[in-house]
Each structure stands twice: as structure tokens, then as C-alpha cells.
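Asks: Before I ask anything, let me first share the structure, which is written out below as C-alpha cells.
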Amino acid sequence: MSEVLKIEDYKFIIDKINKGNFVFSTSENHLNININNINEIKDSLIDRFKIKEIAYSKQVHSDIVIDFYGEIKQGDAIISTGSKLAIGVFTADCVPILICDYKNKTVAAVHSGWKGTYSNILGKTINKMIKDYKCSSENIIVYIGPHIHSCCYEVGEEIRNKFLEAGFSEDVIEGNNLNLNKCIKDQLSEMKINDSQILEMPYCTKCSKEYKFHSYRRDNKSSGRNFSFVFFD
Ligand SMILES: [Zn+2]
2 MSEVLKIEDY KFIIDKINKG NFVFSTSENH LNININNINE IKDSLIDRFK IKEIAYSKQV
62 HSDIVIDFYG EIKQGDAIIS TGSKLAIGVF TADCVPILIC DYKNKTVAAV HSGWKGTYSN
122 ILGKTINKMI KDYKCSSENI IVYIGPHIHS CCYEVGEEIR NKFLEAGFSE DVIEGNNLNL
182 NKCIKDQLSE MKINDSQILE MPYCTKCSKE YKFHSYRRDN KSSGRNFSFV FFD
């Protein structure tokens, strides 16, 4: 059962599994987190969640996976290890994916838009966790955050063809729309992550009525960003 938390103007949906905390911001009230004003709220999050640090990368729609050692680097997935260190990802329709290995306290956050999904940044992140952090796929939990669902994600023919040619199953294309969620589940199944290890926030960022999220497709350039992060107690 998810907990909903409001800190001043910021509302978050939180799920806790074992000692892993998965936190997703919404756009209710005046939330408008982006890379420029994150410093303003960082301290309040550190204080409320009793964590030591919040880290994130400078996202560029790449398939670069980085290790966090205290400085902001360019990349679209970030991995670190330890307690009370939160790592997060900014999105507004793209898929935020939070990962933790609860045995050795490794956390990762992945920004997977269509480009990142097409280049399988998620698989690259899990492979790096296994290779460099001694994680094992059976100890991994993957949380798929709020993103644009196929109901609202029409893409051009060129993109649809790219996905079909790349070997994704045909059911990732629904009419003119792309189902990123199915693409990601395909990738997780290839990584031997089974359904019991996958959780998700079942909300479309563009049309969700239950919670409101930032959506680039809906708000264009005026859109803020959703911030999703994960940490161990
Ligand atoms: Zn929708």
C-alpha cells in the first residue's frame, strides 16, 4: 500500500519494500522540480526523509550509465551504493525506473524515454549493477514509475518501424501508439527479472485523474519535471 506524503508544497507517493524506499513526486500544488531549482528543495527532502544526499545525473537522452561518487555527470542512468543515499531521475512522460538490490544496498535510477528504451539503457544499467556492484538478478527489485502510457503516446511511423526492426514484440505497437511499458517488461524478462520483482505506479502522466503529474506532451515547454528517487534506510 502506497503512502502519500505532502511536504510543504510537494506531494509524493511512496512505497517501501524491505528497507528500500521508492518515492515519486506529483505535480499537485506547486511542484515544479527541474534541474534548475532542485537545490531549493533538496534540503527539505534530505531533512524529511532523513537521508544524507540526493544525487542525479545531467540527462541527455543517452544510454550512458554512470556511477555516483559525489559529482553530477552526464548520463541517463545512475548507480550508487549505501544507506541513506537517494538517487533519482527527472521525467515528464519518459519512464523513470528505480532499481534496488536489497542484499547489497545498491540503488539505481534510469531515465528511459523512447531513445533510452530503444537503446536498452535499462539492460545496460542492470548489467553494470551485476558486473561492477556484485548484484544478482534474483535480489533486484525494479519499480516502473509514472510515465506516458500507450493511451496518449502516439509516435511517427519512423519510430514505430525502428522498434519493430529492433526485435521488440509486435504488441509494443498499438495502432499509431507506442507502449513503452511493454518494451520495458520485454527488456526485464530478457534480464531474467521475473514479474514478482517488478512493481509499478499504474498512472499515465498525461491523462491520470487520480494523481496529477508533469507531462511534456500535455504542457509542452511549460512542463515541469517529476522527480523519482530511491534509497535504503
Ligand atoms: Zn494517457
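Note that this note's numbering has the sequence shown beginning at 2, numbered continuously upward.
In this text, a Cβ means the ideal position worked out from N, Cα and C, and glycines have one as well.
As the structure is a computational prediction, the values presented were derived from the model and not from experiment.
Comparing alpha-carbon positions, which option in Asn121, Ile14, Asn19, Ile47 lies nearest Ile65?
Replies: Nearest option by C-alpha distance: Asn121.
Asks: In the DSSP assignment, what residue or residues form a beta bridge with Ile80?
Replies: Asp68, Ala109
Asks: Closest to Glu175 by C-alpha separation, out of Glu54, Lys193, Ser223, Cys152, would be which residue?
Replies: Cys152
Asks: Nearer than 7 Å: is that true of the beta carbon of Lys210 relative to any heavy atom of ligand 1?
Replies: Not so, every heavy atom of ligand 1 lies at least 7 Å from the Cβ.
Asks: Taking its Cβ as the centre, do 16 or more other Cβ atoms sit within 10 Å of Ile15, making it buried, or is it exposed?
Replies: exposed
Asks: Would you call the stretch 86 to 99 and the stretch 219 to 233 in contact, with 3 or more CB pairs under 8 Å?
Replies: The stretch 86 to 99, when compared against the stretch 219 to 233, does touch it at the 8 Å Cβ threshold.
Asks: Just to check, is the beta-carbon of Lys207 closer than 7 Å to a non-hydrogen atom of ligand 1?
Replies: yes
Asks: Check whether the stretch 162 to 176 touches the stretch 128 to 136, taking contact to mean three or more Cβ pairs, one atom from each stretch, closer than 8 Å.
Replies: Pairwise C-beta distances place the stretch 162 to 176 out of contact with the stretch 128 to 136, as fewer than three of them are shorter than 8 Å.
Asks: In angstroms, rounded to a whole number, what distance separates the CA positions of Gly83 and Asn177?
Replies: 43 Å
Asks: Between Cys153 and ligand 1, is the CB less than 7 Å from at least one heavy atom?
Replies: yes
Asks: How about Ser58 and Asp68: do their beta carbons lie closer than 8 Å?
Replies: no
Asks: Between Leu123, Gly114, Ser137, Ala78, which lies nearest to Lys106 when the distance is taken from Cα to Cα?
Replies: Ser137
Asks: Gln60 bridges to which residues according to DSSP?
Replies: Gln60 is not bridged to any residue.
Asks: Would you decide whether Lys12 is buried or exposed? Buried here means 16 or more other CB atoms lie within 10 Å of its CB.
Replies: buried
Asks: Assign Thr206 to one of three DSSP states: helix, strand, or coil.
Replies: coil
Asks: Could you check whether Ile149 and Cys205 sit closer than 8 Å to each other, using their CB atoms as the reference points?
Replies: yes
Asks: Would you mind sorting Tyr70 into buried or exposed? The rule is 16 or more other CB atoms within 10 Å of its CB.
Replies: Its Cβ having fewer than 16 others within 10 Å, Tyr70 is exposed.
Asks: Does the distance from the C-beta atom of Ser216 to that of Ala93 stay below 8 Å?
Replies: yes
Asks: Taking the alpha-carbon of Asn221 as reference, which of Lys213, Glu211, Lys207 has the nearest alpha-carbon?
Replies: Lys207
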